Each structure stands twice: as C-alpha cells, then as structure tokens.
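Asker: One structure, as structure tokens, below. Some questions next.
Numbering (our numbering), first residue to last: 62 to 273.
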C-alpha cells in the first residue's frame with residue numbers, strides 16, 4: 062500500500078514537473094517572440110523605407126520624379142529634343158502662326174517663351190510674315206552640340222548651340238537666313254512640362270539682316 066502511494070506521488074511530481082517545464086518553455090518562447098518582434102518594430106521605426114514619388118501624365122503613364130538638380134534625360138535625348146524645339150520655333154506661316162507658335166511654346170519655360178515672343182516682335186519678322194504672307198520653315202544644317210552642362214541657379218541645365226537655316230517664302234518671294242541658335246535648357250517641374258525640361262533662353266545670331 063505504501064509502495065503504491067509512493068509511486069502515485071512520484072507520478073504526480075513527474076507530471077507537475079513536466080507541466081512546469083512546458084510552461085517555462087512556452088514562457089521563454091513567448092518572451093523571445095516578443096523580444097524579436099520588438100527589435101523588428103524598432104528597426105522599422107528607425108529605418109523607414111525611402112519614399113518614392115511618381116508623376117503621372119495626362120494618359121495616366123507613371124514616371125519617376127527626378128530632383129531638379131539632376132539630369133532626367135541622356136545627352137543624346139536632350140540634343141534631339143533641342144533640334145525639334147529650334148525647328149518648331151521657326152515653323153509658322155501668315156495664316157496659322159498663332160496656333161503654330163502656341164505649339165512651339167510647349168518647349169519653353171514661361172519666362173523663356175515671353176523673352177522669345179518679345180524678341181520676335183522687336184525684330185519685326187513676325188510683322189513681315191503677316192504683311193508679306195510668308196511661310197517660315199527651318200532645318201538644322203549641323204547637329205546640335207552641348208557647350209556646357211551642370212547646375213545653374215539650383216537646376217540642372219544644358220547650354221546647346223546649333224546652326225539652322227531659316228527660309229521665308231511666298232508666291233513671289235524667297236529669302237534664307239543662316240542662323241546660329243544658342244539655347245539654355247533647364248530642368249523644370251513635370252507639372253509645367255511633361256518632359257521636365259524647358260528652354261529658358263533662346264538666342265539667335267544671324268549672319269545676315271532681317272527679311273527684305
């Protein structure tokens with residue numbers, strides 16, 4: 062009888078001991094889990110992921126934003142764009158000059174376009190186009206080149222030069238000018254231009270006089 066009681070006590074002690082060990086293991090596991098979760102949360106708080114911002118075009122296309130102090134396009138893309146901009150700026154006629162110049166304005170910054178229009182009016186070339194019913198067209202005679210590039214007034218900029226042949230013609234008149242165009246292309250917000258660039262300065266050097 063005493064032996065049976067001893068065995069029963071031994072079994073009970075073993076049961077409680079096993080149960081206590083399991084509880085301790087569960088407690089250690091819980092504490093360890095809380096510890097590692099706390100470390101993970103602390104890392105997330107102290108090392109937040111870097112935010113990335115994107116711009117969307119009118120058609121919904123997503124494009125990553127680039128700081129204005131950095132180039133957002135390759136040099137070859139800038140040169141091609143500059144060629145298109147220069148040709149567009151000298152492509153209009155006496156009938157549709159308003160619409161065509163408005164289309165060309167998309168290549169410019171707000172201030173750059175105002176300077177271009179002021180210079181065009183002061184040269185009297187636009188008045189001559191309207192009065193003589195001329196058609197203006199242009200073609201680059203050589204590929205544009207980059208004279209300088211870098212940060213200017215906080216924005217990345219390219220100074221580009223290209224020779225261009227401008228033709229003024231009507232039913233009875235034909236005149237050509239060999240010009241050298243120097244453009245300052247500046248990084249701007251994509252809210253102003255989808256390409257994130259604009260002409261802030263457009264200087265034309267003529268090898269001959271105005272329209273005769």
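Glycine is no exception: its CB is placed at the ideal position from the N, C-alpha and C atoms. For clarity, every value in this text was computed on a predicted model and none was experimentally measured.
1. From residue 90 to residue 98, what distance separates their C-alpha atoms?
2. Measuring alpha carbon to alpha carbon, tell me which of 157, 261 and 165 ends up nearest residue 146.
3. Are residue 194 and residue 149 touching if we call contact CB-CB under 9 Å?
4. If you count every other CB in all the chains shown that lies within 10 Å of the CB of residue 212, and 16 or more means buried, which is it?
5. Please check the pair residue 226 and residue 239, which I expect to be a contact at CB under 8 Å, by giving their CB distance rounded to whole angstroms.
6. Cα-Cα, which of 261, 187, 170 and 256 is closest to residue 141?
7. State the Cα-Cα distance for the pair residue 186 and residue 109, rounded to the nearest angstrom.
8. With which residues is residue 240 paired in a DSSP beta bridge?
9. Can you tell me whether residue 273 is helix, strand or coil according to DSSP?
10. State the CB to CB distance for the pair residue 201 and residue 144, rounded to an integer number of angstroms; the pair is presumed to be in contact (CB under 8 Å).
11. For residue 194, which residues does DSSP report across the bridge?
12. Kindly identify the DSSP beta-bridge partner or partners of residue 152.
13. Nearest-angstrom Cα distance between residue 247 and residue 235?
14. Pull up the distance between the alpha-carbon of residue 170 and that of residue 105, whole angstroms please.
15. Please name the residue or residues paired with residue 210 in a DSSP beta bridge.
16. Report buried or exposed for residue 130, applying the criterion of at least 16 other Cβ atoms within 10 angstroms of its Cβ.
17. I'd like to check one pair, residue 237 with residue 228: are the Cβ atoms closer than 9 Å?
18. Alpha carbon to alpha carbon, what distance is there between residue 93 and residue 107?
19. Pick out whichever of 204, 177 and 259 has its Cα sitting closest to the Cα of residue 265.
20. Classify residue 245 as helix, strand or coil using the three-state DSSP reduction.
21. Going by C-alpha distance, which of 96, 87, 102 and 151 is nearest residue 263?
22. Distance, Cα to Cα, residue 126 vs residue 254?
Answerer: The structure says:
1. 12 Å
2. 165
3. no
4. exposed
5. 6 Å
6. 256
7. The C-alpha of residue 109 is placed about 58 Å away from the C-alpha of residue 186.
8. 225 and 267
9. Any reading at residue 273 is ruled out, since the residue's pLDDT is 42, under 50, leaving its predicted position unreliable.
10. 6 Å
11. Residue 194 is not bridged to any residue.
12. For residue 152, which the question treats as bridged, DSSP gives no partner whatsoever.
13. Approximately 35 Å, taken between the alpha carbons.
14. 42 Å
15. 219
16. exposed
17. yes
18. Taken atom to atom, the span from the alpha-carbon of residue 107 to that of residue 93 is near 21 Å.
19. 177
20. strand
21. Residue 151 is the option with its Cα nearest to residue 263.
22. Straight-line Cα distance between these residues: approximately 13 Å.
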